[in-house]
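Structure first, then comments.
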Amino acid sequence: MEARENLLVVDRLKTQFFTYGGVVEALDEVSFEIEKGEIFGLVGESGCGKSVTATSILGLVAKPGRVISGRILLDGENLLEKNDHEMNDVRGSRIAMIFQDPTSSLNPLFRIGRQVAEPYVYHQHRPKRQALKDATEILTKTGFPDADEKARNYPHELSGGLRQRAMIAMSLTCEPELLIADEPTTNLDVTIGRQILDLVKDLQREFGASVLWITHDMAVVAQMCDHVGVMYAGSIVEKTDVRTLFRNAKHPYTERLLRAIPSAVKSTDKLEEIPGSVPRLINPPTGCRFHPRCDYVMAVCSSVKPAEQEIEPGHWVACHRFAGEGEAT
Amino acid sequence: MRIPGATLFSSRYRLLQKRLHPITKEWGLTFYVLRHSKLAVIGALIAFAFILIALFGSLIAPYDPISANIQYRFQPPSASHPLGTDTMGRDVMSRMLAGAQHSIKAGLIVLAIAVPLGVLLGGIAGLYGGWVDEVIMRITDMFLAFPSLVLAMAFSAALGPSLFNAMIALSIVWWPMYARLVRGQALAVRETSYVEAARSRGASSLHIMFKHILPNCLSPILVTLTLDMGWVITAAASLSFLGFGAQPPIPEWGRMVSDGRIYMLRAWWMSVFPGLGIVLVVLGFNLLGDGIRDSLDPKLRRLTEVTWKREKTSSSSTD
Amino acid sequence: MTTALFECRNLTKFFPIKNLFRETGRVHAVEDVNLTIPEGGTVGLVGESGCGKTTLARTLLLLIEPTSGQVIFRGEDMVSRSKRQLRQFRRETAIVFQDPYSSLDPRMLIADVVGEPLVIHKVAFGEDRDNVVLSLLKRVGLDADHMYRYPHEFSGGQRQRLAIARALAADPKFILLDEATSALDVSVQAKILNMLSQLKADLRLTYMFISHDLSVVRHLSDHIGVMYLGRMVEYGTREQVFDTPTHPYTRGLLAAAPSLDPNDRDRPREVVLQGEVPSAVEPPSGCRFHPRCPDRKPGCDNVRPELVDIGDGHLVACIPG
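Residue numbers (this note's numbering), protein chains in the order written: chain A, 3 to 331; chain B, 617 to 935; chain C, 2 to 322.
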């Protein structure tokens, strides 16, 4: 491992949901690191476990789910060893989160200004009036026009883009070390979404926070992230810096996924199809979870889960094809 | 559900089987959920017992429910008369057994009139909207604005006191609830994508009504119907109690409660037992209705489906 | 090949906002749109929220009655025709919606869902109908096992296939795809898009594809219309619109969509569009885009730009541009 400073280290995180229909193995030993000041992208299709990763980090895994094993180190401290009370101090002040749907994450009964001021009052114990003033300031920073007026609005009176900005403002109030963004631009128009992307980039640079950016959109990853982890069915299958990923993806899933995107191919070409479909995570495929759909499947793939191999510096792939080419973790 | 002896492999037969299979599977799940709710089972047993009594009560009644036997009047509950006798010496239990049929008849007839009427009007209102909807709904509101029993009393008085007229009166009062129910569903279904898809291919309003709206209304209608049964019976009994419904000597339970009122201190069993009977029946239908509502609830079904499947596979593997 | 299957002229749709019985305002959903859909072509419609593309699509199919204008199908105006006269029109047009979870009646068996158009148009009944449904299912990559089941047993991608199978019933000529792949994962979307292309070639269909996803529209369409606040601001072939976008909004839209090349983040960018889409109730005067337009000139706020042919059928509605 290079001697770069990691803010967040997720080490073999295993989360499962104990439902009526069986045990859903949502995360199967997920490991990745986020450096201080970088934007790390977690990308994958629906059901791959990217949102569960975020809730696991925050200690907010919905029942009947539970983190089974692993470590989550925030600046060296293992978050999984903290109790709920201690995690309450972490959430909102050291780690903040913005969600896909700002409408359901903002309380319709309270004015925006008050909601943005809440973290100041709760975590930093600022007096209310001061907190409201500071809230207006940070709203302006996120590009909220006429913040002192608009702060008196209720969420439903604002557009989707403004709500998302309010959410971002709220998350940045306590200058968190880590910002988790779970598909914040998916529900927004392209032009508004682009403004949000640029905004997060600027603010991240200014505040020096690290960002865990969760998305299904490879193009957003290409423009936003420094390092990327590609997830499939609860595991990270490939992990590297963004340019290498797009130039030289090695995992069969990543390769195929990139060729299935319309903008990646000429308009006259057929899009790449991955045979089969995403597996259920109750009784997932044995060994490598992608093996039933993989072109290069070998005998070992159905019995042994591939470990991550560093096939070139900083480029990790979990695939038996590359076993022995690098050092296993 | 295997059609027994289906060795006729005509394709039409097989087609029918294929189509029925998923439907029967759905019903199978419904009954499975129902079976496993204690309260629903109790409710079902009560309701079933009541129906049996209504059908066969007169046949198994030990004494004649109508003719008087003055020397045995005001007998308290005893071995020979488990529920006592009334002011004319008639056995209360026999009267109740014979009278159950009137209550259930009332329930069935009222609902048989009110439900189709309400569903139709509500469906038309919801589907067509506009002024049709307004007119129908305002009429519905008018009926709902009156306390239902008072309105029924008024109709009963106008038509003349008899059980039959009471049933007519109740039907008039009962349909608005179904109209509201179905209208709400119709409005919701009307806005769905699948109805829009059907319309985009030229489906007529009639087609939408019978193929999409009504099938999607069945569950709530069924639940309300079951719950209502108990309440209609109570309402009919109430009207009889007040003198508007069943006239003597018909042993309708509400009437019996009324007849025994003045003798409460002297012969409490005359009113109390029929009253308890009504309470029990209403309770039974309420429990059953709640049970049906739960068994049709999609979330609960999904959860229960897992155990149901497990039981089925384990029982078939032990065959 | 260049006969217009479908056409709309000066199509306008206002939604009145009523306060009891008086009209206090209007939502200018679609205003004065002209569109020609050639037979065998695929026309893509892009725009952001409030642009009117959904309303335009529904008005085109006469699911919503236009306020004014003509809708011409096979050379005949369809507006204000009776239901019976529209029967053939309804048979030849079909729609596929965005949400696979609400576009199939949950209480109907698949065989009935897909076979519904056959029943409506009295094409086939009973067993015959089921046979036709089976052949439709096969076309979309499903099979007989799926016929007698309920929709909730299927995944999103499969449901979309079922919706497409239903759209293909009764042999339509035109299919409107309203964000048909927007709710699907990338890999599932790829299969559906490939299938749609294949079906179009096999069955000689005409498509209109509405989407907010520019890359999908570009992949599927041969002609593209860009809408903003109810008006068509640019129209042309795929190459014309994507390679030489002319209207400032089109350019802003294309610049805003993130590209798949990580190296693009270092390159100097087109100006990013600021501000929000204004309300459709009180749209800006003159050119609707002028408040956000980086190329705004004096006069843009009081003259309404018409669509002008800047060469080879490439239409742009912009005065300076």
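Cβ coordinates follow ideal geometry from the N, Cα and C atoms, glycine included. Remember, predicted model here, so these are calculated numbers, not experimental data.
Spatial neighbours of residue i within its chain, please: CB distance less than 8 Å, with the 5 preceding and 5 following residues excluded, ordered by chain position.
| i | result |
| --- | --- |
| residue 298(C) | 320 and 321 |
| residue 1(C) | Coverage of chain C is limited to positions 2 through 322, which leaves residue 1(C) absent and any answer about it impossible. |
Is residue i near residue j, with beta carbons less than 9 Å apart?
| i | j | result |
| --- | --- | --- |
| residue 30(A) | residue 52(A) | no |
| residue 315(C) | residue 207(C) | no |
| residue 891(B) | residue 779(B) | no |
| residue 676(B) | residue 706(B) | no |
| residue 839(B) | residue 727(B) | no |
| residue 291(A) | residue 278(A) | no |
| residue 320(A) | residue 229(A) | no |
| residue 1(A) | residue 182(A) | In the structure as shown, chain A begins at 3 and stops at 331. Residue 1(A) is therefore absent and cannot be evaluated. |
| residue 26(C) | residue 227(C) | no |
| residue 8(A) | residue 38(A) | yes |
| residue 905(B) | residue 659(B) | yes |
| residue 15(C) | residue 68(C) | yes |
| residue 191(A) | residue 213(C) | yes |
| residue 771(B) | residue 785(B) | yes |
Quick one: is residue i buried, meaning 16 or more other Cβ sit within 10 Å of its Cβ, or exposed?
| i | result |
| --- | --- |
| residue 310(C) | exposed |
| residue 64(A) | exposed |
| residue 914(B) | exposed |
| residue 127(C) | exposed |
| residue 644(B) | exposed |
| residue 774(B) | exposed |
| residue 217(C) | buried |
| residue 1(C) | In the structure as shown, chain C starts at 2 and stops at 322, and residue 1(C) therefore has no counterpart that could be examined. |
| residue 632(B) | exposed |
| residue 696(B) | exposed |
| residue 268(A) | exposed |
| residue 272(A) | exposed |
| residue 880(B) | exposed |
| residue 284(C) | buried |
| residue 629(B) | exposed |
Quick one: residues in its chain with C-beta nearer than 7 Å to the C-beta of residue i, no 5 flanking neighbours on either side, listed in chain order?
| i | result |
| --- | --- |
| residue 669(B) | 713 and 716 |
| residue 223(C) | 42, 43, 238 and 239 |
| residue 118(C) | 167, 170 and 171 |
| residue 921(B) | 645 |
| residue 90(C) | 74 and 79 |
For residue i, which of the options has the nearest alpha-carbon?
| i | options | result |
| --- | --- | --- |
| residue 767(B) | 884(B), 870(B), 852(B) and 628(B) | 852(B) |
| residue 803(B) | 898(B), 627(B), 738(B) and 678(B) | 738(B) |
| residue 256(A) | 270(A), 272(A), 235(A) and 271(A) | 235(A) |
| residue 162(A) | 103(A), 270(A), 82(A) and 289(A) | 103(A) |
| residue 14(A) | 49(A), 59(A), 23(A) and 22(A) | 59(A) |
| residue 769(B) | 642(B), 800(B), 857(B) and 815(B) | 857(B) |
| residue 83(C) | 820(B), 711(B) and 735(B) | 820(B) |
| residue 850(B) | 902(B), 823(B) and 800(B) | 902(B) |
| residue 12(A) | 68(A), 77(A), 21(A) and 305(A) | 77(A) |
| residue 832(B) | 723(B), 843(B), 798(B) and 871(B) | 798(B) |
| residue 22(A) | 781(B), 916(B), 641(B) and 835(B) | 916(B) |
| residue 313(C) | 253(C), 104(C), 241(C) and 87(C) | 241(C) |
| residue 104(C) | 52(C), 184(C) and 31(C) | 184(C) |
| residue 586(B) | 691(B), 692(B) and 720(B) | Any question about residue 586(B) goes unanswered here, given that chain B covers just 617 to 935. |
Once you ignore the five residues that flank residue i on each side, which residues in its own chain have a CB closer than 6 Å to its CB?
| i | result |
| --- | --- |
| residue 25(A) | 18 |
| residue 315(A) | none |
| residue 137(A) | 115, 118 and 119 |
| residue 306(C) | 288, 318, 319 and 320 |
| residue 236(C) | 226 and 316 |
| residue 874(B) | 857 |
| residue 624(B) | Residue placement at residue 624(B) cannot be trusted, given a pLDDT of 48 that sits under 50; the coordinates are not used to answer. |
Is residue i near the ligand FMN, in the sense that its beta carbon is under 8 Å from a heavy atom of that ligand?
| i | result |
| --- | --- |
| residue 215(A) | Here there are no bound small molecules, and the ligand FMN is not part of this structure. |
Mind pulling the beta strand (DSSP E) runs of 3 or more residues that sit fully within the segment 204-279 of chain A? 212-217, 229-234 and 237-243
Completely contained alpha helix (DSSP H) runs for the segment 82-166 of chain C, where each covers 4 or more residues: 88-93, 111-121 and 127-140
Could you tell me which whole alpha helix (DSSP H) segments of length 4 or greater appear in the segment 105-183 of chain A? 114-126, 130-143, 149-152 and 162-174
Of all the beta strand (DSSP E) runs that stay within the bounds of the segment 238-315 of chain C, which reach a length of 3 or more residues? none
Entirely enclosed alpha helix (DSSP H) segments - the segment 726-779 of chain B, minimum 4 residues: 746-761 and 764-775
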